[in-house]
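First residue of the sequence shown? That's 1 in our numbering, and the numbers climb one at a time after it.
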Amino acid sequence: MSTPTAPAAQLLSRAVADGIVPGGVIAHGHDPQPVAAGAMSVGGPPMPADAIFRIQSMTKLVTTIAALRLVEQDVLALDSPVAAWLPELAAPRVLTHPEAPLSDTEPLRSPITLRHLLTNTCGYGMILQDTPLAREMTVRGVEAGPLPPPLGADDWIAALASLPLVGRPGEVWRYHHSFGLLGILLSRISGATAGEHLAETLLDPLGMADTGYFVPREKADRLPAFYQVDGEQLVEAEPLGGGFHIGEPPYDVSHGELLSTAGDYLRLLRALRDGELLGPEHLRMLRTDQVQPVAKQPEAFFLGFWEQTSWGFGLAVVTGGPHRGRCSWSGGAGTDFFLDPDGTLGLLLTQVEMGGRITPLLEAYGELSAPAEGLARR
């Protein structure tokens, strides 16, 4: 098994020395070992390689794999209407256009399916413009944000379902909320929480002992602080070894996001890459563009996203340029992974919110050269 390439470790060490992040863990190669640098918090103890990170939207890949395994077991189908388990979504109204008043709606013409959830095309999701729907999502506590959801799973889906869809399923792409719904779907199907279902069917079999929706109290010292950015300053949003994620949550967080370690997530990526988790057809679909052209509207996401990028199942896929064929995604608390066509893996875990401060670090990490052992496996 190979060790991390020196450039990856040096890149993270420079970012720590420059004060970009207090610390982090990085891995890069075909079968890399994670390496840590820096501290668990500003002025805090050293960052260990087995630190437990808030991986946030990197959860989407995990729940996607779990859902596709249910498809392969004939429990679900990609075009199954999810209302059979999520009756809240049986008959939502649809805005006549994204900026319309909330009363300006029409009936749903076709049901929301598992495929829509996996591709962010169900009609629910982040609204980046100032619209009546965006404002009401904030009022009702279902706006996406960097901190844990303020509502339990049942209350969250009820609040979301009380709002109209931004557009018809399959015809609009809006990020994030589809995967909260996916987590609740896994819970409803299994009769357990999403965390319990994932542990039994995926995490425990892979040996991902430190991955879950909360950190046991006996492992609290392995959870770094989380920082938001105010101008040039890092502002502590959640403390080292404390906050919402320590101990069992006060309500069902099946719609929430996981915490994990570099070692655990690398196990998942290797097993996915090596065909141990999904059959060839679903693995191919996961790693290739699954979004219809009509849904790739410029206003759907950040400027330029669709130029050389699209979405597969649970992750982004690069459709053009030098990294064509790469699949990857990040988490809002400053985490990222990629899987290249030659089998090279990249993983970077920090706890500084995604934004301009750490973008240069992420870009440099994304440009690391493929190690020789990765190239040999082409």
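Using N, Cα and C, we set each Cβ at its ideal position, and we do this for glycine too.
Residue j beta carbon less than 8 Å from that of residue i
i    : j    : result
S260 : S57  : no
L133 : L78  : no
P111 : A262 : no
P81  : T105 : no
W311 : V291 : yes
L163 : M126 : no
S41  : A225 : yes
P146 : Q233 : no
A300 : S254 : no
V172 : G123 : yes
L223 : G241 : yes
I65  : D210 : no
E88  : A158 : yes
F214 : L269 : no
L11  : G24  : no
G314 : L118 : yes
R54  : L278 : no
V142 : W156 : yes
Q308 : G325 : no
R267 : G356 : no
L203 : T63  : no
L151 : H177 : no
L76  : A83  : no
L86  : L198 : no
R273 : G366 : no
Nearest neighbour of residue i, chosen from the options [CA to CA]
i    : options                   : result
L368 : A333, Q351 and L339       : L339
L362 : K60, A17 and V21          : V21
T131 : L102, V16, R109 and T121  : L102
S187 : L128, G256 and M126       : G256
G29  : T335, G123 and G346       : G346
R115 : I157, P169, G320 and L160 : P169
D382 : N120, G44 and A37         : Coverage of the chain is limited to positions 1 through 378, which leaves residue 382 absent and any answer about it impossible.
L348 : A17, P32, Q308 and G19    : P32
L286 : H245, G24 and V318        : V318
G180 : A153, E200 and L165       : A153
E218 : C327, H245, L61 and A84   : H245
P98  : V75, A91 and R135         : R135
P45  : A90, R326, I189 and P239  : P239
M354 : Y365, G334 and P341       : G334
A8   : V16, I189, G19 and I26    : I26
V235 : R140, R93, C327 and Q351  : Q351
R109 : E276, A91 and G247        : A91
G243 : P216, D230 and P280       : P216
Segment limits, beta strand (DSSP E) that includes residue i
i    : result
S328 : C327 to G331
V71  : Unbroken run through V71 is the alpha helix (DSSP H), T59 to E72; no beta strand (DSSP E).
P107 : T105 to P107
T309 : T309 to W311
T335 : T335 to L339
V394 : There is no way to answer for residue 394, as the model of the chain reaches only from 1 to 378.
A316 : A316 to V318
E238 : Q233 to E238
G43  : Note, G43: premise wrong, no beta strand (DSSP E); not H, not E.
L347 : L345 to L349
Start-to-end residues for the alpha helix (DSSP H) that takes in residue i
i    : result
P280 : P280 to L286
R273 : A262 to R273
L198 : A194 to L198
G243 : Where G243 is concerned, there is no enclosing alpha helix (DSSP H), given that its DSSP letter is neither H nor E.
L182 : H177 to S190
Three-state secondary structure (DSSP) of residue i
i    : result
A159 : helix
S254 : coil
D79  : coil
G29  : strand
Y227 : strand
V16  : helix
A300 : helix
R54  : strand
R357 : coil
V94  : strand
G152 : coil
L259 : strand
L202 : helix
G366 : helix
L86  : coil
L165 : strand
V291 : coil
L375 : Here L375 scores only 38 on pLDDT, less than 50, and its place in the model should not be relied on; the value that follows carries that caveat. L375 falls in the helix class under three-state DSSP.
P322 : coil
Chain D contact for residue i (CB, 8 Å cutoff)
i    : result
L303 : Of the protein chains in the structure, only one exists, and it is not chain D.
| Fully enclosed by the region 96 to 149, which alpha helix (DSSP H) runs are 4 residues long or longer? | 114 to 118 and 132 to 139
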